[in-house]
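Position one of the sequence shown corresponds to residue 749 (this note's numbering), numbered consecutively onward. Think of the CB as a built atom: it goes at the ideal place given N, C-alpha and C, for glycine as much as any other residue. Below you'll find the structure, written out as structure tokens, and then a few comments.
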Amino acid sequence: MTEPLRVALAGLGTVGAGVVRLIDANGELIARRAGRPIEVVAVSARDRSKDRGIDLDRFDWVDDPAELARHPGADAVVELVGGADGPALALARAALGAGKSFVTANKAMVAHHGLELARAAESGGVALKYEAAVAGGIPVIKGLREGAAANVIDRVYGILNGTCNFVLTKMEAEGRDFAEILAEAQRLGYAEADPSTDIDGVDAAHKLSILASLAFGAQPAFADVVVTGIRNVIAADIAEAAALGYRVRLLGMADADGKGLFQRVQPMLVPLDHPLAHVLHSTNAVVAEGNFVGRLFFQGAGAGDGPTASAVVADLIDIARGEFGPPYAMPVEALAALPPADSGERRGRDYLRFTVADKVGVLAEIAAAMRDAGVSIESLMQRGAMADGSVLVAIVTHEGPERCVAQALEKLRGSPSLKSEPMWMPILSD
Ligand code: NDP
Ligand code: HSE
């Protein structure tokens, strides 16, 4: 058998230790598939003495992860430290600058610096691989880069954050409010102590911007993703949605029409007959619609040591085989620079929820705002007093331009009749 692919590994936490365990467990099969063994030769983390359940004595240890880029015995570098900048970015730049192939699970870094890193990889003739950065173990990057490469992709969307899906599906199953479920998820260790990157939609936005770039051959534009998280979803929204035949999911959604790139992360109502409505707990799922292949549906574990390590090592197998192309499926120079799309003309049906004071004229005020903005109401429900004495009004609109809904909400902004910010969730269309 030929020479092994020798790997320097930065980060020995959940994913890094998982990578070592996976190579230990499946190394012989991987060697046959890759045509040569994959061997970790050097590692780096913060605390050398920490028990990680793996034998580290067989690897060279370096304290500074960026040193791994200069390790004379390493052909490829894997970064599993995390963070958009800092040691992860320093290592990425150093490794690609030194002409070494580079693998990462770091969606924040790829979302912010992917273009720069792809340029460095292309000019060095080496790989930049990031399968694990989007939807953990699901091979969706490979699916878009390779399997669907012959298609014009019309839209790509999905459940890109397991923490949010866990919280929403538990709210649905137990009828409890967001804050209670989040506190429980934190107690059980499912959600981070600071869950804001997940809950506020930023993690999903990182992943969406990567998917959008691959799907539409566009330069990545993370700063243009419009993001709303799930903090303002209440149990009553989920109950209303269920009564109407929908489930609430945090979706990342992107499409492009040549003039502009639409990228948004937002809670949406998903019809029960759509497969995304049946994606439960922390599972991730991505839908890509191609003009020849039709609808592709990728589903699986979006996080965890095993699934994420599986994606990282798949990237290493490609590198060992010498099978890798440009990081964004086409050379950086061929990527289109698309401005953010004007969302005002997008047409769709929407769910709007107001919590209002129970007094004369409130419904008329809401209806007048809809009328004046040209929003046509398909159905309207009013539910009796909530715990604080306010009343819930839930509206489903007929299909119309988003601009009109935005105008209606703007008209109601600051109204003393409203007890909280209105909730707006678009309804996923086929
Ligand atoms: P962890 O926090 O579990 O591990 C991070 C590792 O990096 C630890 O070994 C830590 O060292 C090391 N580290 C942190 N800072 C430094 C530093 N300044 N210098 C050297 N080493 C450092 O993270 P995860 O394994 O969960 O995540 C790693 C990456 O994978 C992230 O980019 C994450 O977004 C991504 N990812 C994670 C998934 C998951 O399920 N966890 C899923 C998909 C992607 P020490 O152990 O000594 O503290
Ligand atoms: N924090 C992420 C999630 C997992 O909850 O989906 C890593 O991508």
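### Query
If arginine 995 sits next to leucine 956, beta carbons under 8 Å apart, how far is it from one beta carbon to the other, in whole angstroms?
Here residue 995 refers to the residue found at position 247 when the sequence shown is read from its first residue. Here residue 956 refers to the residue found at position 208 when the sequence shown is read from its first residue. Not really, about 20 Å apart at Cβ, beyond 8 Å.
### Query
Taking contact to mean at least 3 C-beta pairs separated by less than 8 Å, is the stretch 1103 to 1121 in contact with the stretch 1134 to 1143?
yes
### Message
Applying the 10 Å Cβ sphere with the 16-neighbour rule, what's the burial state of threonine 750?
### Response
For the purposes of this step, residue 750 is taken as the residue at position 2 of the sequence shown. When all chains shown are included, threonine 750 counts as exposed.
#### Entry: the stretch 868 to 875 / the stretch 1037 to 1047 touching (three or more Cβ pairs under 8 Å)
no
### Query
So is the beta-carbon of aspartate 1063 under 7 Å away from any non-hydrogen atom of the ligand HSE?
Locating residue 1063 in the sequence shown gives position 315, counting from the first residue. For the ligand HSE, not one heavy atom lies less than 7 Å from the Cβ of aspartate 1063.
### Query
Taking the C-alpha atoms as reference points, what is the distance between leucine 816 and lysine 848?
Counted from its first residue, the sequence shown places residue 816 at position 68. Counted from its first residue, the sequence shown places residue 848 at position 100. Approximately 10 Å, taken between the alpha carbons.
### For threonine 945 and leucine 760, the rounded distance between their alpha carbons
In the sequence shown, residue 760 corresponds to position 12, counting from 1. In the sequence shown, residue 945 corresponds to position 197, counting from 1. Taking the straight line joining both Cα atoms gives about 22 Å.
### Task
Check whether the Cβ atoms of arginine 754 and glycine 821 lie closer than 8 Å to each other.
Within the sequence shown, the letter at position 6 stands for residue 754. Within the sequence shown, the letter at position 73 stands for residue 821. For arginine 754 and glycine 821, yes; Cβs fall inside 8 Å.
### Message
Helix, strand or coil for asparagine 1039? Go by DSSP, reduced to three states.
### Response
Taking the sequence shown and counting its residues from 1, one reaches residue 1039 at position 291. Of the three classes helix, strand and coil, the one that applies to asparagine 1039 here is coil, per DSSP.
### Query
Between which two residues does the beta strand (DSSP E) carrying threonine 1103 extend?
Within the sequence shown, numbered from 1, the residue matching residue 1103 stands at position 355. It spans 1098 to 1104 - the beta strand (DSSP E) in which threonine 1103 sits, taken as one unbroken run.
### Query
If we count the other Cβ atoms within 10 Å of its Cβ and call it buried at 16 or more, is aspartate 1098 buried or exposed?
Start at 1 with the first residue of the sequence shown, and residue 1098 comes out as number 350. Per the 10 Å Cβ criterion, buried.
### Cβ distance (whole Å) where isoleucine 778 is taken to contact proline 752 below 8 Å
One-based indexing of the sequence shown puts residue 778 at position 30. One-based indexing of the sequence shown puts residue 752 at position 4. At roughly 11 Å, the Cβ-Cβ gap does not stay under 8 Å, so isoleucine 778 and proline 752 are not in contact.
### Task
Assign valine 900 to buried or exposed, taking buried as 16 or more other Cβ atoms, counted over all protein chains shown, within 10 Å of its Cβ.
Taking the sequence shown and counting its residues from 1, the one referred to as residue 900 is at position 152. Flag for valine 900 reads exposed.
### Query
By Cβ distance below 8 Å, which residues in the same chain neighbour tryptophan 809 in space, the five residues on each side in sequence not counted?
Here residue 809 is taken as the residue at index 61 of the sequence shown, counted from 1. Contacts found: Ala790, Val791, Ser792, Arg796.
### Query
Among Phe926, Ala1057, Tyr905, Gln967, which one has its Cα closest to the Cα of alanine 952?
Position 204 of the sequence shown, counting from 1, holds the residue named residue 952. Selected option, being the one with the closest Cα: Tyr905.
### Query
Alpha carbon to alpha carbon, how far is phenylalanine 807 from serine 1177?
For this step, residue 807 is matched to residue 59 along the sequence shown. For this step, residue 1177 is matched to residue 429 along the sequence shown. Spanning the two alpha carbons is a distance of roughly 52 Å.
### Task
Answer with buried or exposed for histidine 860, where buried requires no fewer than 16 other C-beta atoms within 10 angstroms of its C-beta.
Reading the sequence shown from its first residue, position 112 is the one you call residue 860. Counting Cβ neighbours within 10 Å, histidine 860 comes out buried, since at least 16 surround it.
### Query
Does the beta-carbon of leucine 908 have 16 or more other beta-carbons within 10 angstroms, so that it is buried, or is it exposed?
As a first step, residue 908 is located in the sequence shown; it is residue number 160 there, counting from the start. The residue is buried, with at least 16 neighbouring Cβ atoms inside 10 Å.
### Residues that DSSP places opposite isoleucine 1125 in a beta bridge
To locate residue 1125, count along the sequence shown from 1; it is residue 377. The partner list for isoleucine 1125 (beta bridge, DSSP) reads Thr1145.
### Query
In its own chain, which residues sit with a C-beta less than 8 Å from the C-beta of alanine 1025, not counting the 5 before and 5 after it?
To locate residue 1025, count along the sequence shown from 1; it is residue 277. Only Tyr994, Arg995, Arg997, Val1018, Pro1019 meet the Cβ criterion.
### Task
Using the Cα positions of glycine 885 and phenylalanine 1045, report the straight-line distance between them to the nearest angstrom.
Residue mapping note: residue 885 aligns to position 137 of the sequence shown, counting from 1. Residue mapping note: residue 1045 aligns to position 297 of the sequence shown, counting from 1. Looking at the two C-alpha atoms, the distance is approximately 14 Å.
### Task
Could you check what DSSP says for asparagine 774 in three-state terms: helix, strand or coil?
Against the sequence shown, residue 774 aligns to sequence position 26. It is helical.
### Task
Keeping to the same chain, check which residues put their C-beta closer than 7 Å to that of lysine 1159; ignore five residues upstream and five downstream.
Residue 1159 sits at position 411 when you count from the first residue of the sequence shown. Ala1117, Asp1120, Ala1121.
### Query
Excluding the five sequence neighbours on either side, which residues of its own chain have a C-beta within less than 7 Å of the C-beta of glycine 783, listed in chain order?
Residue mapping note: residue 783 aligns to position 35 of the sequence shown, counting from 1. So the list reads Thr750, Ala1068, Arg1069, once near-sequence residues are dropped.
### Task
Determine the DSSP secondary structure at glutamine 1047, reduced to helix, strand or coil.
On the sequence shown, position 299 is the one that residue 1047 refers to. Three-state DSSP puts glutamine 1047 in a strand.
### Query
What residue does the alpha helix (DSSP H) around glutamate 988 start on, and which one ends it?
Sequence index remark: in the sequence shown, residue 988 carries index 240 (1-based). First-last of the alpha helix (DSSP H) with glutamate 988: 983 to 992.
### Message
Would alanine 1156 and valine 1123 be called neighbours here (beta carbons separated by less than 8 Å)?
### Response
As a first step, residue 1156 is located in the sequence shown; it is residue number 408 there, counting from the start. As a first step, residue 1123 is located in the sequence shown; it is residue number 375 there, counting from the start. The answer is yes: Cβ separation under 8 Å.
#### Entry: Cβ pair valine 882, isoleucine 978 closer than 8 Å
The residue you call residue 882 lines up with position 134 of the sequence shown. The residue you call residue 978 lines up with position 230 of the sequence shown. In this structure, isoleucine 978 does not lie closer than 8 Å to valine 882 by Cβ.
### Query
Contact between the stretch 913 to 924 and the stretch 1055 to 1069: three or more CB pairs below 8 Å?
no
### Task
My understanding is that aspartate 1053 touches glycine 766, with C-beta atoms under 8 Å, so please give their C-beta distance in whole angstroms.
Numbered from 1 along the sequence shown, position 305 holds the residue referred to as residue 1053. Numbered from 1 along the sequence shown, position 18 holds the residue referred to as residue 766. Rounded, the Cβ-Cβ distance is 3 Å, consistent with contact.
### Query
Could you give the residue range of the alpha helix (DSSP H) that holds arginine 867?
One-based indexing of the sequence shown puts residue 867 at position 119. That run of the alpha helix (DSSP H) goes 855 to 872.
#### Entry: N-terminal and C-terminal residue of the beta strand (DSSP E) that proline 1019 is part of
As a first step, residue 1019 is located in the sequence shown; it is residue number 271 there, counting from the start. Run containing proline 1019: 1009 to 1019, per the beta strand (DSSP E) assignment.
### Message
leucine 962 and isoleucine 889 - do their beta-carbons sit closer together than 8 Å?
### Response
Numbered from 1 along the sequence shown, position 141 holds the residue referred to as residue 889. Numbered from 1 along the sequence shown, position 214 holds the residue referred to as residue 962. It is a contact, given that the beta carbons lie within the stated cut-off.
### Task
Grab the span of the alpha helix (DSSP H) containing aspartate 951 for me, first residue to last.
Residue 951 sits at position 203 when you count from the first residue of the sequence shown. Segment 950 to 964, the alpha helix (DSSP H) holding aspartate 951.
### Task
Give the DSSP-derived three-state secondary structure of leucine 753 in the structure shown.
The count along the sequence shown starts at 1 and reaches residue 753 at position 5. Strand at leucine 753.
### Message
When you measure from the CB of arginine 841 to every non-hydrogen atom of the ligand NDP, does any distance come out below 7 Å?
### Response
The residue given as residue 841 occupies position 93 in the sequence shown. It does not: the Cβ of arginine 841 is nowhere closer than 7 Å to a heavy atom of the ligand NDP.
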